[in-house]
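First residue of the sequence shown: 2, per my numbering; consecutive thereafter.
I have placed the structure first, in the form of structure tokens, so that the comments after it can refer back to it.
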Amino acid sequence: MQRKYVIFFLLILFASLISGCVSTTPSPRIEDVTPAISPALTSPPSVPTPAVFNDSRLLTEENVQIKIFEERIRGMLKNGTLPIIDIEFHYGGDMDIDKLIYNMDKNGVALTWLGPNENQGSEESIRLNKLYPDRFVPTTVHGDGQKWHGSDGGFLEKLGNDAMSGRYFAMGEFEGRHYPSNTNNRDVHMPVDSKAMQVVFGASNDTGIPFSLHHEAEDELLPELERMLVKYPEAKVIWAHAGRNRNPVTWAKFTKPDAVREFLNKYPNLYFDFLASKPGSKYQTGYVEGIMYDLTSSGASLNPEWKKLIEDFPDRFVLGSDINSGRFGEYDRVMNTYRTIILQGVRKNVAEKIAYKNAWKLMTGEGWKD
Ligand SMILES: [Zn+2]
Numbered sequence: 002m003q004r005k006y007v008i009f010f011l012l013i014l015f016a017s018l019i020s021g022c023v024s025t026t027p028s029p030r031i032e033d034v035t036p037a038i039s040p041a042l043t044s045p046p047s048v049p050t051p052a053v054f055n056d057s058r059l060l061t062e063e064n065v066q067i068k069i070f071e072e073r074i075r076g077m078l079k080n081g082t083l084p085i086i087d088i089e090f091h092y093g094g095d096m097d098i099d100k101l102i103y104n105m106d107k108n109g110v111a112l113t114w115l116g117p118n119e120n121q122g123s124e125e126s127i128r129l130n131k132l133y134p135d136r137f138v139p140t141t142v143h144g145d146g147q148k149w150h151g152s153d154g155g156f157l158e159k160l161g162n163d164a165m166s167g168r169y170f171a172m173g174e175f176e177g178r179h180y181p182s183n184t185n186n187r188d189v190h191m192p193v194d195s196k197a198m199q200v201v202f203g204a205s206n207d208t209g210i211p212f213s214l215h216h217e218a219e220d221e222l223l224p225e226l227e228r229m230l231v232k233y234p235e236a237k238v239i240w241a242h243a244g245r246n247r248n249p250v251t252w253a254k255f256t257k258p259d260a261v262r263e264f265l266n267k268y269p270n271l272y273f274d275f276l277a278s279k280p281g282s283k284y285q286t287g288y289v290e291g292i293m294y295d296l297t298s299s300g301a302s303l304n305p306e307w308k309k310l311i312e313d314f315p316d317r318f319v320l321g322s323d324i325n326s327g328r329f330g331e332y333d334r335v336m337n338t339y340r341t342i343i344l345q346g347v348r349k350n351v352a353e354k355i356a357y358k359n360a361w362k363l364m365t366g367e368g369w370k371d
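Written out as structure tokens, the structure is:
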């Protein structure tokens, strides 16, 4: 994410020291964490002042944090576990955080993008990251509450500021069209090209931090999304819950993986995570919604056409549990579905990308280094 700016700044600082051009004012962001440097610079040093470069405060908080995340992942790899980065988790205040950590460890989940609800606010994710810096990724609020759906001006302004603050690695999940589910009854539609969504797409476009989008894939609701994907080519959009279809009549296009393929080909800024519901489960319309699975008497498997799609676009899929308070008991099952059907259903190098490498790149802006 912001790492490139830090490296850039260090290069500028280094060049300034060598040339004696010491009056260059660091950006306010860096100045905040940089000790006074002027005394060391009264006589031009032949090498960069060690006191400055060894000071861990110069490694921005974010870089230190990335190191902590990296160590957690490498530790799991060393133990032979394929780590998962869960990019979509709904944190409500009523949740037992120790139980979440227990579940993560039990299921080989290295990191959770901990999106709080709007009552908790983005800061709750920072607070929990400070308590558990090797588990939780600072993530802004989700757009799924009344303030989001009411286009509350204060909420949107703060969301934009949070996203631009450099303190968050990701934004939450923002709802476009949302049908009622088994844990909520929101039958709502925030148009994807609305003013509220422009805040989200714009912030992602300007900062490079990703967000996920909940948008039921009705044929007639596709153009509003496509307009935004074109308008914000640098935004990192993770369209949530691919592999499902809740109404083959109104979702005619997205009855086949070809539609996902077409969108991935058309929009390089688009990513997908998968539906979290149990293979074979039916949506309220009575349809089996998980269209990416083949169901037999011996269980579910990844449909070959979906497998081909995923392997053809190995850099464009990530995993999100979509766990909230109401579905907390589903945690093991969701992770088991992902591991046994999706990750074991594709080539090993593709599974590694889906499990953590793609999410790593989205949240840090840098590819994972083996
Ligand atoms: Zn969703």
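Even for Gly, the Cβ is constructed at its ideal location relative to N, Cα and C.
Can we count residue i as close to ligand 2, meaning its CB is less than 7 Å from some heavy atom?
| i | result |
| --- | --- |
| E331 | Among the ligands modelled here, namely ligand 1, ligand 2 does not occur. |
Hey, residue i and residue j: beta-carbon distance below 8 Å or not?
| i | j | result |
| --- | --- | --- |
| A197 | S152 | yes |
| P134 | F170 | no |
| A253 | F275 | no |
| E217 | R178 | yes |
| I74 | Y357 | yes |
| K232 | N270 | no |
| G291 | G300 | no |
| Y272 | L230 | no |
| N359 | F329 | no |
| G321 | D99 | no |
| M191 | W149 | yes |
| L344 | L78 | no |
| H91 | I342 | no |
| I444 | M336 | Coverage of the chain is limited to positions 2 through 371, which leaves residue 444 absent and any answer about it impossible. |
| G209 | G368 | no |
| M165 | D194 | no |
Beta carbon of residue i: closer than 7 Å to some heavy atom of ligand 1?
| i | result |
| --- | --- |
| H1 | Lying before the first or after the last residue shown, residue 1 is absent from the chain, which here runs from 2 to 371. |
| A241 | yes |
| H215 | yes |
| E119 | no |
| E221 | no |
| D87 | no |
| E306 | no |
| D323 | yes |
| E174 | yes |
Can you say whether residue i is buried or exposed, counting buried as having 16 or more other CB atoms within 10 angstroms of its CB?
| i | result |
| --- | --- |
| N266 | exposed |
| P211 | buried |
| K107 | exposed |
| V53 | At V53 the pLDDT is 37, less than 50, meaning the model places this residue with poor confidence; the figure from the coordinates comes in the next sentence. Buried, since its Cβ has 16 or more Cβ neighbours within 10 Å. |
| L296 | exposed |
| P234 | exposed |
| Q66 | buried |
| P249 | exposed |
| I355 | buried |
| S278 | buried |
| K349 | exposed |
| L363 | buried |
| Y103 | exposed |
| N183 | exposed |
| E158 | exposed |
| P1 | As shown, the chain starts at 2 and ends at 371. That puts residue 1 outside it, with no answer to give. |
Looking only at its chain, what residues have a beta carbon closer than 8 Å to the beta carbon of residue i, apart from the 5 residues adjacent to it on each side?
| i | result |
| --- | --- |
| V351 | I311, E312 and P315 |
| G161 | V200, G203 and A204 |
| P29 | In this prediction, P29 scores a pLDDT of 34, lower than 50, which makes its location untrustworthy; no coordinate-derived value is stated. |
| E219 | R178, N248, T251 and W252 |
| L223 | K254 |
What residues in its chain sit with their C-beta under 6 Å from that of residue i, if we drop five residues either side in the sequence?
| i | result |
| --- | --- |
| F137 | T113, L115, L129 and N130 |
| S213 | E89, E174, I239 and A241 |
Just to confirm my understanding: we take residue i, look at its own chain, exclude 5 residues before and 5 after, and list those with CB closer than 7 Å. What are they?
| i | result |
| --- | --- |
| S24 | Residue confidence for S24 is low, a pLDDT of 35 falling below 50, so the modelled location carries little weight and cannot support an answer. |
| G122 | V142 |
| V261 | A243, F273 and L310 |
| Y284 | R247 and E290 |
| T43 | Residue confidence is low: T43 scores 37 on pLDDT, short of 50, so the model does not pin down where it sits. Its coordinate-derived value is still stated next. Excluding sequence neighbours, T43 sits near nothing in its chain. |
| P117 | Y92, S123, E125, S126 and V142 |
Just reading off the beta strand (DSSP E) that residue i is part of, what are its end residues?
| i | result |
| --- | --- |
| W240 | K237 to A243 |
| I88 | I85 to Y92 |
Under DSSP, the alpha helix (DSSP H) around residue i begins and ends at which residues?
| i | result |
| --- | --- |
| W307 | P305 to D313 |
| L78 | E62 to K79 |
| V200 | K196 to T208 |
| L226 | L223 to K232 |
| S123 | S123 to L132 |
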